[in-house]
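Worksheet: one structure, shown below.
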Amino acid sequence: MRLANKVAIVTGGGSGFGEGIARRFAAEGAAVAIGDLNLAGAERVAGEITRAGGKALPVAADVTSNKQMKALVDAAVKAFGGLDIFVNNAGMPQRNAPLLNTDEETFDRIFAVNVKSIYLSAIHAVPEMRKRKGGCFINIASTAGVRPRPGLVWYNGSKGAVITLTKAMAVELAPEQIRVNALNPVAGLTPMLKEFMGGEETEEMKAKFVSTIPIGRFSTPQDIANAALYFASDEANFITGVCMEVDGGRCI
Ligand SMILES: NC(=O)c1ccc[n+]([C@@H]2O[C@H](COP(=O)([O-])OP(=O)(O)OC[C@H]3O[C@@H](n4cnc5c(N)ncnc54)[C@H](O)[C@@H]3O)[C@@H](O)[C@H]2O)c1
11 MRLANKVAIV
21 TGGGSGFGEG
31 IARRFAAEGA
41 AVAIGDLNLA
51 GAERVAGEIT
61 RAGGKALPVA
71 ADVTSNKQMK
81 ALVDAAVKAF
91 GGLDIFVNNA
101 GMPQRNAPLL
111 NTDEETFDRI
121 FAVNVKSIYL
131 SAIHAVPEMR
141 KRKGGCFINI
151 ASTAGVRPRP
161 GLVWYNGSKG
171 AVITLTKAMA
181 VELAPEQIRV
191 NALNPVAGLT
201 PMLKEFMGGE
211 ETEEMKAKFV
221 STIPIGRFST
231 PQDIANAALY
241 FASDEANFIT
251 GVCMEVDGGR
261 CI
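Quick note, our numbering runs 10 ahead of the 1-based positions in the sequence shown.
Laid out in structure tokens, this is it:
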């Protein structure tokens with residue numbers, strides 16, 4: 011088991027990539043707290059992990075709230091005795107549209123969910139990792155932050171910030187054995203995808219997206235979970251500040 015005796019928090023673990031990461035981490039021996047705005051989703055995933063013999067705790071949490079982020083970290087520490095791994099996966103898309111069509115409230119929410127959450131996770135999780143003399147963060151950014159494309163300007167910028175924060179946190183926390191890495195997934199068939207397609211997921215749109223991915227398919231929660239597992243495991247204990255594409259060659 012590659013994560014035996016580790017405690018992990020996965021935000022947005024009630025759906026999509028986060029669900030894949032929570033399941034994979036639990037199967038490798040981690041106790042996983044699943045923080046999600048959608049408690050029913052977190053409960054469903056945690057229930058399935060528990061029934062399969064793993065350890066999981068569903069927690070209702072909005073990652074933009076300082077109070078709720080603290081409560082999420084406290085709940086994981088109380089249930090499982092500490093914290094080793096924090097996966098900042100919860101994210102908010104932008105509906106594909108010209109840049110002037112996004113209202114201010116939506117812009118603020120995109121940056122709160124995708125960027126402020128990383129600040130809040132650091133504020134509350136770093137002190138717990140210091141108690142264990144190490145730990146790791148995995149931030150789910152996007153190919154959108156590396157190769158921005160029209161129609162997703164504000165989302166692209168938020169994921170660019172995730173990438174820079176990952177590198178900046180990594181270099182500052184490295185002497186304390188706290189590693190910080192990011193994953194840049196290409197489009198995946200999760201509930202979020204239709205927003206990137208402008209609100210409707212048509213076969214024509216899907217074919218257009220896939221045609222830009224050299225390996226010729228969408229990313230899956232398993233692809234993202236496998237890469238996250240490597241970053242979280244001790245096999246990666248010299249790897250920090252890396253922002254790795256999981257994109258079938260999209261960013262080449
Ligand atoms: N699906 C894609 O094509 C794609 C591509 C690149 C990157 N990403 C990124 O991957 C991550 C996961 O996305 P997904 O595709 O699995 O989406 P998803 O919609 O399947 O799941 C997102 C989860 O996050 C939760 N969430 C949303 N806002 C939250 C908040 N404020 N607090 C707590 N939980 C919240 C939702 O309830 C949901 O369970 C996101 O950061 C996204 O930006 C997705």
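Ideal placement from N, C-alpha and C gives every residue a C-beta, glycine not left out.
Check: Taking the alpha carbon of A235 as the point to measure from, which residue in A14, E53, A32 and R12 has its own alpha carbon closest?
Finding: In the sequence shown, the residue the question calls residue 235 occupies position 225. Closest option to A235, Cα to Cα, is A32.
Note to self: Considering only their Cβ atoms, is the gap separating I59 from A345 smaller than 8 Å?
What the structure shows: The chain is shown only over 11 to 262; residue 345 falls outside these bounds and no answer can be derived.
Margin query: In the DSSP assignment, the beta strand (DSSP E) including F248 goes from what residue to what residue?
Written below: Within the sequence shown, numbered from 1, the residue matching residue 248 stands at position 238. F248 -> no beta strand (DSSP E), and no H or E assigned at all.
Checklist line | Three-state secondary structure (DSSP) of E9 | finding: No answer is possible for residue 9: the residues shown for the chain start at 11 and end at 262.
Check: With distances taken between CB atoms, is the gap from N166 to A154 smaller than 8 Å?
Finding: Position 156 of the sequence shown, counted from the first residue, corresponds to residue 166. Position 144 of the sequence shown, counted from the first residue, corresponds to residue 154. In contact: N166 and A154 (Cβ atoms closer than 8 Å).
Next item on the list: Please name the residue or residues paired with E255 in a DSSP beta bridge.
Entry: Start at 1 with the first residue of the sequence shown, and residue 255 comes out as number 245. E255 is bridged to N194.
Notebook entry, point to check: Roughly how many angstroms lie between the CA atoms of G92 and V42, to the nearest whole one?
Noted result: Position 82 of the sequence shown, counting from 1, holds the residue named residue 92. Position 32 of the sequence shown, counting from 1, holds the residue named residue 42. C-alpha separation (whole angstroms): 11 Å.
Check: Beta-carbon separation of G170 and N99 under 8 Å?
Finding: Within the sequence shown, the letter at position 160 stands for residue 170. Within the sequence shown, the letter at position 89 stands for residue 99. Cβ distance not < 8 Å, so G170 and N99 don't count as in contact.
Notebook entry, point to check: If you draw a straight line from the C-alpha of P231 to the C-alpha of K16, how long is it?
Noted result: What you label residue 231 is simply residue 221 of the sequence shown in a count that begins at 1. What you label residue 16 is simply residue 6 of the sequence shown in a count that begins at 1. Cα-Cα distance, rounded: 21 Å.
Note to self: I want to know whether the segment 128-147 touches the segment 180-198 - three or more CB-CB distances under 8 Å.
What the structure shows: yes
Next item on the list: Would you check if the segment 217-229 and the segment 83-90 touch, i.e. whether three or more CB-CB distances between them fall below 8 Å?
Entry: no
Margin query: Quick check on DSSP: helix, strand or coil for I150?
Written below: Taking the sequence shown and counting its residues from 1, one reaches residue 150 at position 140. In this structure, I150 counts as strand in the three-state DSSP scheme.
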